[in-house]
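Everything on this sheet refers to the single structure shown next.
Protein chains in written order, with the numbering used here: chain D, 1 to 198; chain X, 1001 to 1372.
Here you go:
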């Protein structure tokens, strides 16, 4: 069956979003037809604004509508400590915790030769220049505990160690509040490896 | 442990069968292409979530069907587990006591199986990849942590090879530094795999050499050796081993970059079998090689018992007819009354042993199994 052009265009547009196939796209498109015009306009504006007004912070590469971003601008924050993360979503996760008051550096990826990603393709060179002219004393590397995340962490620490900078890596092991018996063997063996003296 | 009942749905040539099975020796008799090995494969699937014959799970789904399912309940010493493997075009699902297990390493080990098929007779004379596969599968069965370490190693290996490929002819400064980092990961993972395999072979050797001496009535002495691809000593402690491997990588660097390949590491290591101090792969007769393979398999049964506390389930797929009477009776004497065993054969008369005469017999005919 042929749809009128405007609706088939709308369906095609929805299908460009991740996780949306032809059926869901069709349902969303027909739902839009039933929406109030004001709501549709607001929705369209929100889409355009998000794209137009959000950029990446020129300092930490976090997503932002002002440059530098609200975190980099915040005078209350501890400027001597930087937490290096792989993704924008990781910053949001750390911020939810409300315990960390330092600054961030978002890499937008991890070193992975299989995917053709080297250190020059993620914001590593930028981190180095940033470390030169700010009063940073400690770098916390919070990349994911995957092979690629670990490689990235080791790479950065290799570059920073000679400068005398304090470089730390976040801990991994058992989740808090979980019972030991429910942990899988691999996590448990990692936790044993990373044990510390009391 | 033993399989108490099993149900196959749309699996290979079985449209739907359910069997009650005793904790004894079970013989499946039938002509060729009636489904004898398919039953063995299904039990193998229950233990390892993969077939011993193919890596393409699609082939296991019955002709013109969407999915295949294997269900079984396995009695263990103090408890029983219900296992389920479901195969479909979308992939594979495994369940333990009705609960889906997302990680295969959490599933494997719920039921222990030792399989002995004609191709295992080539374990000794075949290529090194067969022996590596044997070692990896058997350690994996008793140690989920090993499976994790091994797959981690394999992923790092892929990353490393890809990086090496990009470094020819002139590596950039970033690539050199990245290689240094990946080398550290590679060495750490490799050392874990090597140490585990070395320890496993030592333990296996204890049983295998004893069994081998018994089968050959004291004439032959069997030794197992871990033969690393790099010039390293597998028996050393982790830090010394890492040091040696690091030096070996350095020595091969240029060559590795030129060929875009990792040339030293567990993926190229070998297991050597010596009979009376001579490499049985090169110098052994066909008979010696078969006896060595049999000793290894029988040692595996004992090793699993030592680790798990119970005997595994033994699958003898068309292999008894390949062994002479002397070796047959050694094997059958050893399992008598202890190990639940499945034997497939085209003619039961060809096996002369009291164990077989007292066994439960099933006949396989065109996708049906009937108890006699």
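For glycine and all other residues, C-beta sits at the position ideal for the given N, C-alpha and C.
Three-way DSSP call (helix, strand, coil) for residue 3(D) in this model: coil
Which residues bound the alpha helix (DSSP H) around residue 1106(X)? 1104-1107
So, helix, strand or coil for residue 137(D), using DSSP? coil
For residue 180(D) and residue 1025(X), the rounded distance between their alpha carbons: 40 Å
In chain order, what residues of the stretch 165-191 of chain D put their CB closer than 8 Å to some CB of chain X? 184, 185, 186, 189
Whose C-alpha, out of 88(D), 107(D), 117(D), 77(D), is nearest the C-alpha of residue 98(D)? 77(D)
Measure the beta-carbon distance from residue 1331(X) to residue 1323(X) and round it to whole angstroms, keeping in mind my assumption that it falls under 8 Å. 7 Å
Is the Cβ of residue 1106(X) closer than 7 Å to any Cβ of chain D? yes
Is any beta-carbon of chain D found at less than 7 Å from that of residue 1144(X)? yes
Beta-carbon neighbours of residue 1156(X), restricted to chain D and to distances below 9 Å: 147, 151
So residue 1361(X) and residue 1372(X) are in contact, right, with Cβ under 8 Å, and what is the actual spacing, rounded? 5 Å
Euclidean distance between Cα positions of residue 1251(X) and residue 1229(X): 13 Å
Which of helix, strand or coil does DSSP assign to residue 1308(X)? helix
Residue 1117(X), DSSP secondary structure in three states: coil
Selection from 1225(X), 1243(X), 1311(X) that minimises the alpha carbon distance to residue 1277(X): 1225(X)
Compare the beta carbon distance of residue 1289(X) and residue 1124(X) with 7 Å and say whether it is the shorter of the two. yes
Round the Cβ separation of residue 1061(X) and residue 1010(X) to the nearest angstrom and send it over; I've been treating them as touching at under 8 Å. 6 Å
Quick one: grab the DSSP three-state call for residue 1022(X). coil
If the criterion is Cβ atoms closer than 7 Å, does the pair residue 1049(X) and residue 1317(X) meet it? no
Contact set between the stretch 93-125 of chain D and chain C, restricted to residues whose Cβ is under 7 Å from the partner: In summary, chain C is missing from the structure at hand, where the protein chains are D and X.
Rounded straight-line distance, which links the Cα of residue 1221(X) to that of residue 1336(X): 25 Å
Rounded Cβ spacing between residue 1320(X) and residue 1345(X) (contact assumed at less than 8 Å): 6 Å
Bridge partners of residue 1195(X), per DSSP? DSSP, once it has assigned bridges, lists no residue as partnering residue 1195(X).
Could you list which residues in chain D have their beta carbon closer than 8 Å to that of residue 1103(X), in chain order? 184
Compare the C-alpha of residue 195(D) against each of 173(D), 186(D), 185(D) and name the closest. 173(D)
Amino acids of chain X, ordered along the chain, whose beta-carbon sits closer than 8 Å to that of residue 158(D): 1177, 1180, 1181
Assigned exposure category for residue 1134(X) - 16 Cβ within 10 Å defines buried: buried
Inter-residue Cα distance where the pair is residue 42(D) and residue 65(D): 18 Å
Limits of the unbroken beta strand (DSSP E) element including residue 1005(X): 1002-1011
Less than 7 Å separating the beta-carbons of residue 119(D) and residue 155(D)? yes
Alpha carbon to alpha carbon, how far is residue 1370(X) from residue 1294(X)? 30 Å
According to DSSP, simplified to helix, strand and coil, what is residue 1071(X)? strand
The beta strand (DSSP E) with residue 1167(X) in it runs from where to where? Counting along the chain, residue 1167(X) falls outside any beta strand (DSSP E), and DSSP gives it neither H nor E.
Output, in chain order, the set of chain D residues within a Cβ distance shorter than 9 Å of residue 1166(X). 113, 116, 118
Below 7 Å on C-beta distance, what does residue 1148(X) contact in chain D? 186
Output yes or no for whether 7 Å exceeds the beta carbon distance between residue 1139(X) and residue 1200(X). yes
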